[in-house]
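Visitor: Take a look at the following structure, please.
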Amino acid sequence: MIAAAVAILLALGAAGIAYANGGDSEEQVTGPEAQKAKSAAIAAVGGGSVTEVERDDGNGTGAFEVEVARDDGSQVEIHLDGDYNVVGRQADEDGPNDNDEANED
């Protein structure tokens, strides 16, 4: 019974941390995978700087989500497959003017 209570508390703690971090469950990508994803995304956009590289959270069709800040100030999210080919692109809604409440499901 104590073990069950501890397991429940740990699960609730993890959920609280995820919620405090925006509720996102995406895994940050680092190392050589991140560098390849960054290069592919910047080439697809035609320039800019990468602000984030994550494993795809399931909302897209790829293996990676790469957020790119364009030189004009706009942001775009590039979805890449496991071979770093572009499989999707969308305006990034996580910018400074994002209103999360308007985008909730």
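Numbering-wise (our numbering), the sequence shown opens with residue 3 and increments by one.
Just so you know, even glycine gets a beta-carbon here, dropped at the ideal spot from N, CA and C.
It should be emphasised that the depicted structure is a prediction, and the values quoted were computed from it without experimental measurement.
Report back the beta-carbon spacing between G84 and A65 to the nearest angstrom; my notes put them in contact at under 8 Å.
Guide: That pair is a contact at about 4 Å.
Visitor: Assuming V52 contacts E69 under a Cβ cut-off of 8 Å, what Cβ separation, rounded to an integer in Å, is found between them?
Guide: Yes, V52 and E69 are in contact; Cβ-Cβ is about 7 Å, under 8 Å.
Visitor: Could you give the distance in angstroms between the alpha-carbon of N87 and the alpha-carbon of A43?
Guide: Straight-line Cα distance between these residues: approximately 9 Å.
Visitor: So the candidates are A93, R57 and G50; which of them puts its Cα closest to the Cα of G33?
Guide: Of the listed residues, the one whose Cα sits closest to G33 is R57.
Visitor: Assuming S51 is part of the beta strand (DSSP E), what are its boundary residues?
Guide: S51 to R57 is the span of the beta strand (DSSP E), which, as asked, contains S51.
Visitor: Could you compute how far the alpha carbon of G25 sits from the alpha carbon of E54?
Guide: Any reading at G25 must be qualified, since the residue scores a pLDDT of 43, below 50, and its modelled position is unreliable; the value itself is stated next. Their backbone Cα atoms lie some 16 Å apart in a straight line.
Visitor: Going by DSSP in three states, V31 sits in which element: helix, strand or coil?
Guide: Note: V31 maps to coil in three-state DSSP.
Visitor: Just mark D74 as buried or exposed, buried being the case when its beta carbon has 16 or more other beta carbons within 10 Å.
Guide: Looking at its Cβ environment, which holds fewer than 16 other Cβ atoms inside 10 Å, D74 is exposed.
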